[in-house]
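There are 2 protein chains.
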Amino acid sequence: MSSIDIRQQLAHLPLFHQLSPEQLSELAGHGKTLRVDKGETLFRRGDACDGMYAVVYGKVKLTLMSPQGVEKVMEIIHPGQSFAEAVMFLGKPMPVEAQTLEDSLLLHIGAAGIFQILAADPNFARNMLAGMSMRLHGMVRDVERYSLESALQRVIGYLLQQLDAGADQPATLTLEANKNLIASRLNLTPETFSRVLQQLAKAGLAEVNGREIRLSDPAALSRYGLDAG
Amino acid sequence: MSSIDIRQQLAHLPLFHQLSPEQLSELAGHGKTLRVDKGETLFRRGDACDGMYAVVYGKVKLTLMSPQGVEKVMEIIHPGQSFAEAVMFLGKPMPVEAQTLEDSLLLHIGAAGIFQILAADPNFARNMLAGMSMRLHGMVRDVERYSLESALQRVIGYLLQQLDAGADQPATLTLEANKNLIASRLNLTPETFSRVLQQLAKAGLAEVNGREIRLSDPAALSRYGLDAG
DNA sequence: CGGACGGTTGAGTCTCGTCAATAAGCGTGG
DNA sequence: CCACGCTTATTGACGAGACTCAACCGTCCG
Chain A
1084 MSSIDIRQQL AHLPLFHQLS PEQLSELAGH GKTLRVDKGE TLFRRGDACD
1134 GMYAVVYGKV KLTLMSPQGV EKVMEIIHPG QSFAEAVMFL GKPMPVEAQT
1184 LEDSLLLHIG AAGIFQILAA DPNFARNMLA GMSMRLHGMV RDVERYSLES
1234 ALQRVIGYLL QQLDAGADQP ATLTLEANKN LIASRLNLTP ETFSRVLQQL
1284 AKAGLAEVNG REIRLSDPAA LSRYGLDAG
Chain B
1084 MSSIDIRQQL AHLPLFHQLS PEQLSELAGH GKTLRVDKGE TLFRRGDACD
1134 GMYAVVYGKV KLTLMSPQGV EKVMEIIHPG QSFAEAVMFL GKPMPVEAQT
1184 LEDSLLLHIG AAGIFQILAA DPNFARNMLA GMSMRLHGMV RDVERYSLES
1234 ALQRVIGYLL QQLDAGADQP ATLTLEANKN LIASRLNLTP ETFSRVLQQL
1284 AKAGLAEVNG REIRLSDPAA LSRYGLDAG
């Protein structure tokens, strides 16, 4: 794949939107496209990190492994999003494992390229800082969930978050992955996740149909978490 | 307090180490020193964020509050460290509450100052990115703890982390705050934390004396967590 | 002295995870 | 087209780990 193509892919990523044509070209010189089949491992915990990744299409899961071999999903990366930027800056080994959930097209951008643009373009630095801040913010939310909320509340919170904010009317959403992965993401066993969804269904708040979930009354759902929590 | 003093305080902070004298002066113009008594609240969740903070001396805790009013300690900030940088970039309201644990001297640096330096100095941008990356890395560790480890393992992990890395000999450490706060930090109740420490004492692995804890054999302690998990 | 605070200990409860059995989809290949 | 295996999902019975509630102790401080 030529570097022209890489350039175009880069240009579509939010992180790189404001870069000049020259900067894009420069960056493209440090980039590689990767076509990866579903289920492939990109890197494991402990691997050296020589750059960051971005998803053009497909999905990638970032996971932790317990000593007993239980997998915990940290994040599910969607098209347009990137990952491993933070590790790249620290020069530490990867703290998580990355695996594709679907056949995917990824970009890998070497650290050198990023550092060059960074040195030249203050706006880019701000963009990266903003991106990293969002990550951090998301993690704070996660820790908050795990620490303070019950299984029921975590599921409700997740469902509401999947909705476009401010939806006060009935709405339908599609789970971003299979239920096992979502459960892990929420730090639940698949069994518990299933039971909670049933509970919501019986309470008349949700209608579950495979990965499709219809929420008849988001506001009521939100309240339900507080009482029955 | 004059801006000269602020300049000197800023110069001592790791985050600003590599700034030029002129940049320090500029930054100082946007900074204020704050003397804060123990137990004072700096800001609450939801407050607007107009800049970042750094601790010169004293300690600050960042906490979350559950709807039921239970407090969860996210982080304990020590001298030389900073906080709220990430929120500043997002322009979002504060996601946590900040309170001093001791009489403290803090610096508050307005967002405008940071953005100016950022635009002018690529090295500063890299420093901030590195700082943010470390934060993120720490959060990953936390999530890992909360998700995959038992109470016993969390306590052991915490104790070992407090040791200077690679201590294979008996060592003594002092808890950075009272046991209630540490317990919260580890996502445990004070009762559970106390019980776990007793368990370690009975196993001959730790000797608890108020906030002083002596670990007779860190390596054995590490192993103990895996078996008795 | 009395009270607040920090810490420990015990007894009971409950949420959630574990284990196990059973469906229900789904792609493959005969 | 259906049988087969594999993954995904559901449901039940059971158990364990951590939280809750409560009593109690030591110490510091007004």
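So the sequence lines, in the order shown, correspond to chains A and B.
Per my numbering, residue 1084 is the first one in the first sequence, and the count goes up by one each step.
Per my numbering, residue 1084 is the first one in the second sequence, and the count goes up by one each step.
Yeah, the Cβ is synthetic: ideal placement off N, Cα and C, and Gly gets one too.
As the structure is a prediction and not an experimental result, all values here were calculated from the model.
Item, Value
"Among Pro1104(A), Ser1299(A), Val1139(A) and Asp1130(A), the one whose alpha carbon lies nearest that of Lys1115(A)", "Val1139(A)"
"Contact with chain A by Ser1165(B), beta-carbon distance below 9 Å", "no"
"Residue span of the beta strand (DSSP E) that contains Ala1137(B), given as start and end", "Gly1134 to Tyr1140"
"Closer than 8 Å at the beta carbon, the chain B residues around His1220(A)", "Ala1169, Val1170, Leu1173, Lys1175 and Pro1178"
"Bridge partner(s) assigned by DSSP for Ser1155(A)", "Position check: residue 1155(A) holds Lys in this sequence, whereas Ser was assumed. For Lys1155(A), which the question treats as bridged, DSSP gives the partners Leu1147(A)."
"Outcome for Glu1105(A) when other beta-carbon atoms lying within 10 angstroms are tallied against a minimum of 16", "exposed"
"From Ala1131(B), Gln1199(B), Leu1288(B) and His1191(B), residue whose alpha carbon lies closest to that of Ile1239(B)", "Leu1288(B)"
"Closer than 8 Å: Ala1131(B) CB and nearest the ligand ATP heavy atom", "For the structure depicted, the ligand ATP is absent and the ligand set is empty, with no information on it obtainable."
"Buried versus exposed call for Lys1144(A) [16 or more other C-beta atoms within 10 Å across all chains shown]", "buried"
"Distance between Asp1120(A) and Ala1303(A) (C-alpha atoms, nearest Å)", "41 Å"
"Contact set between the stretch 1179-1209 of chain B and chain A, restricted to residues whose Cβ is under 9 Å from the partner", "Val1179, Phe1198, Leu1201, Ala1202, Ala1203, Asp1204, Pro1205, Asn1206, Phe1207, Ala1208 and Arg1209"
"Proximal chain B residues relative to Ser1216(A), where beta-carbon distance stays under 9 Å", "Glu1168, Ala1169, Val1170, Met1171, Phe1172, Leu1173, Lys1175 and Met1215"
"Selection from His1161(B), Leu1298(B), Asn1292(B) and Leu1093(B) that minimises the alpha carbon distance to Thr1255(B)", "Leu1298(B)"
"Interface residues of chain B facing Lys1155(A) [CB-CB closer than 7 Å]", "Ser1230 and Leu1231"
"Residues bridged to Gln1182(A) [DSSP beta-bridge criterion]", "Thr1124(A) and Lys1144(A)"
"Entirely enclosed alpha helix (DSSP H) segments - the stretch 1164-1249 of chain A, minimum 4 residues", "1168-1173, 1194-1203, 1205-1231 and 1234-1245"
"As assigned by DSSP and simplified to three states, the class of Ala1254(A)", "strand"
"Residue(s) in a DSSP beta bridge with Leu1298(B)", "Ala1254(B) and Ala1289(B)"
"CA-to-CA distance, Leu1107(A) to Gly1193(A), given in whole angstroms", "13 Å"
"Residue-level contact to chain B via CB, Pro1150(A), 9 Å cutoff", "yes"
"Glu1117(B): first and last residue of the uninterrupted beta strand (DSSP E) it sits in", "For the sequence presented, residue 1117(B) should be read as Leu rather than Glu. Per DSSP, Leu1117(B) belongs to the beta strand (DSSP E) from Gly1114 to Val1119."
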